[in-house]
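At position 157 of the sequence shown (counting the first as 1) the number is 143 in my numbering, and the numbers step up by one without a gap.
Even for Gly, the Cβ is constructed at its ideal location relative to N, Cα and C.
Since the structure comes first, as structure tokens, the remarks are kept for the end.
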Amino acid sequence: EMAADAPVEIGLSPAKVRFRFSADSTLTSKLIDGTFPDYTRVIPTANDKLLKVDAKVLAEGVDRVAAIATTEKTRAVKLALGRDKVTLSVTSPENGTASEEVPADYAAADIEVGFNYRYLLDILGQVGSDLVDVHLADASAPTLIRENDEAKALYVLMPMRV
């Protein structure tokens, strides 16, 4: 672990940058010439359906139903959103179907959407708050996930066909 006030040596060449933190800790990176892409274009703005759910409860439910997933095709977890609940399900040709109902705050039209369960668990594992806001449009549009309305961190997750 490095002290917060420890000096950092920075080296710069036309092609690389180097940060030396200590005698045995160096980070070197290749410099890329170009314009950074406009990431705001991939952040959905018209998602009108809002799901509020406990991140830990959702993650635990996804993890349980995903236990039967054995192949790339069975990595899709289906979320069936209905009034005040989310029904999670995974279907595997070898192992059958697993489903679980999770309480949630949802009042929009019923919708079914699928996600790669690993990507969803990765996002839920990064969330620092108890509740997450999941903003959806339809089963094929990118989904926006936020810790809460005040948090700056946001995640965009593409759905899968289920």
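For the stretch 79 to 134, the continuous alpha helix (DSSP H) assignments of 4+ residues that do not extend past its boundaries occur at 103 to 112, in sequence order. Under DSSP, the beta-bridge partners assigned to A66 are T73 and E98. Our two residues, A123 and V76, have alpha carbons roughly 22 angstroms apart in a direct line.
If you look at V48, you'll find it in the alpha helix (DSSP H) that goes A41 to V51. Contact annotation, K64 with E98: C-beta distance approximately 6 angstroms; criterion of less than 8 angstroms satisfied. Under the three-state reduction of DSSP output, V142 falls in the strand class. Looking at the backbone, the Cα of R4 and that of L44 are separated by about 41 angstroms.
Bridge partners of K59 according to DSSP: none are assigned. The three-state reading of DSSP puts R27 in helix, counting H, G and I together. When rounded, the separation of the alpha-carbon atoms in T21 and S15 is 17 angstroms.
One thing to note: G82 has its Cβ no nearer than 9 angstroms to the Cβ of P145. Residue range K2 to S8 is occupied by the beta strand (DSSP E) that includes R4.
Going by C-alpha positions, T60 is about 13 angstroms away from S85. For I18, the secondary structure class from DSSP, reduced to helix, strand or coil, is coil.
Taking P0 as reference, the option from A32, K35, L17 and A52 with the minimal CA-CA separation is L17. Comparing C-alpha distances from A9 to each of D19, E(-5) and E46 shows the shortest one belongs to E(-5). Out of I29, K2 and G68, the CA that lies nearest to the CA of A95 is found in G68.
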